[in-house]
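This report refers to the structure that appears directly beneath it.
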Amino acid sequence: MKVTVIHSGPVENLTFCRKLDLFFSTCFLKMSDVSPLSVSDADVILVEFADAQDCDLHKLREHREFLDFFPVVAVVDYNSRRECFQADALRMMNVFDRSDRLSKVLSLIKRLGAPDLLAALPEDTPDEMKLIYKQANAHLEAFHLAAVTDEAIPIESGREVASNLLTILQTNGILAWIKMVKFHHNPTYAHSLEVAGFAGWLACQLDWSEDDCLQVIVGGLLHDIGKSRIPQDLLDEPTDPDGVELNLVQKHAQLGYEILKDRFELDNETKEIVYFHHEMLDGSGYPIGLSGEAINPKVRVITIADLFTTLTEERAYKPALSHREAIASMNKMYRKIDQAFYAAFRYGMLSHSDDVRQAEKIAS
Ligand SMILES: [Fe+2]
Ligand SMILES: [Fe+2]
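Heads up: the sequence shown begins at 25 in this note's numbering, then just goes up one per residue.
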């Protein structure tokens with residue numbers, strides 16, 4: 025979703041609006057440069073009235089009719105009669121105070137601009153799956169929001185959602201879940217929903233207790249929470265995936281741990297999942313190069329789920345591999361990932377995915 029922030033004062037002063045960058049593809053447009061063309065690709069327009077000059081407001085007024093084609097949110101200081109009057113004169117409907125909670129503004133922007141999650145799904149998607157998908161997505165959003173606003177992570181209700189997802193995995197199967205999740209409009213959220221599904225499913229394949237299955241599902245939802253501190257544009261379309269930008273994106277594991285380390289609502293194993301999910305058994309991973317026994321079994325499950333999900337996703341800099349190609353690629357990682365867990369994963373995929381079954385036939 026693209027949010028265009030129309031402003032008059034310097035961008036450096038827009039601390040409130042600059043946080044939007046972490047959630048949406050955000051562009052800043054001077055009020056004096058507003059034209060039908062300059063806002064044409066916006067999904068939501070946010071007008072910031074701080075330091076708005078009369079000449080700039082006049083320009084905005086000229087194009088007011090055109091703004092009616094977009095959802096518009098206005099940000100003012102409720103204590104400033106001048107800003108409130110300016111927003112009123114421009115017939116702004118959704119007006120927020122700059123000191124309002126960020127979460128309030130974010131949820132309105134999402135409601136106004138995000139495509140309907142369920143409308144994108146194929147018609148034959150079972151209702152019970154739609155419901156859990158919506159619940160899991162809402163919790164993922166709540167987790168990301170809490171990471172930015174420092175509010176408590178709603179972990180208890182998150183476990184309830186994980187329990188519902190576990191039921192779906194056991195009744196409808198993993199392939200039905202990931203097929204549905206692929207329709208999500210946000211690649212970062214789709215990724216976490218998919219990793220949560222694969223992790224819960226693999227834990228079931230390993231006959232883990234229900235509690236452990238739930239923990240890896242919650243861990244899957246949370247594992248990339250550090251990405252909430254990395255601008256959305258960089259995650260969606262890195263222009264330099266092998267260099268500086270890669271280093272920044274790789275920081276998400278460390279950032280995620282920093283977000284969670286003092287949250288007493290979370291247990292230590294979940295924090296380990298977030299911190300170490302890119303570590304490899306041979307010590308070649310990041311952020312600290314942990315190896316062997318030092319890597320918790322739950323982290324190993326998430327790593328397998330994360331690798332398979334990443335390989336089968338399309339990114340701006342790489343095509344998606346088929347399940348068959350992803351399994352072939354992971355077969356070569358025997359020093360890096362837990363082989364007993366991977367064998368269960370591969371066996372499970374063999375029994376579920378025609379694509380993988382075919383691959384094994386070709387390989388043998
Ligand atoms: Fe990650
Ligand atoms: Fe990930």
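Just so it is clear, CB atoms sit at the ideal spot from N, CA and C, and this is done for glycine as well.
Keep in mind it's a predicted model, so treat the numbers as computed, not measured.
Taking all protein chains shown into account, decide if residue i is buried (16 or more other Cβ within 10 angstroms of its Cβ) or exposed.
i	result
Ile192	buried
Asp80	buried
Arg115	exposed
Ile326	buried
Gln256	buried
Thr195	exposed
Gln239	buried
Flag this pair as yes or no: are the beta carbons of residue i and residue j separated by less than 8 Å?
i	j	result
Ile249	Val298	yes
Asp67	Lys26	yes
Ala318	Ile241	no
Asn446	Leu141	Here the chain covers residues 25 to 388 and nothing more, so residue 446 does not appear.
Glu296	Val323	yes
Phe332	Ala350	yes
Phe94	Val63	yes
Arg287	Ile177	yes
Val96	Phe120	no
Assuming residue i contacts residue j (C-beta within less than 8 Å), just tell me the rounded distance between them.
i	j	result
Ala329	Leu226	6 Å
Glu86	Val29	Not quite, the Cβ-Cβ distance comes to about 19 Å (not below 8 Å), so this is no contact.
Gly224	Leu189	6 Å
Leu217	Asn271	Not a contact, Cβ separation roughly 26 Å.
Phe48	His31	Incorrect: roughly 16 Å between the Cβ atoms, too far for contact.
Leu70	Val99	6 Å
Rounding to the nearest angstrom, what Cα-Cα distance links residue i and residue j in this structure?
i	j	result
Arg106	Ala200	54 Å
Thr212	Ile254	11 Å
Gly182	Lys251	19 Å
Glu338	Ile361	22 Å
Gly316	Gly307	7 Å
Ala340	His276	18 Å
Trp232	Arg125	40 Å
Leu164	Leu61	34 Å
Leu294	Ile179	Per the sequence shown, residue 294 should be read as Thr rather than Leu. Straight-line Cα distance between these residues: approximately 11 Å.
Val172	Lys134	16 Å
Under three-state DSSP, which class holds residue i?
i	result
Leu141	coil
Lys43	helix
Leu70	strand
Thr334	helix
His31	strand
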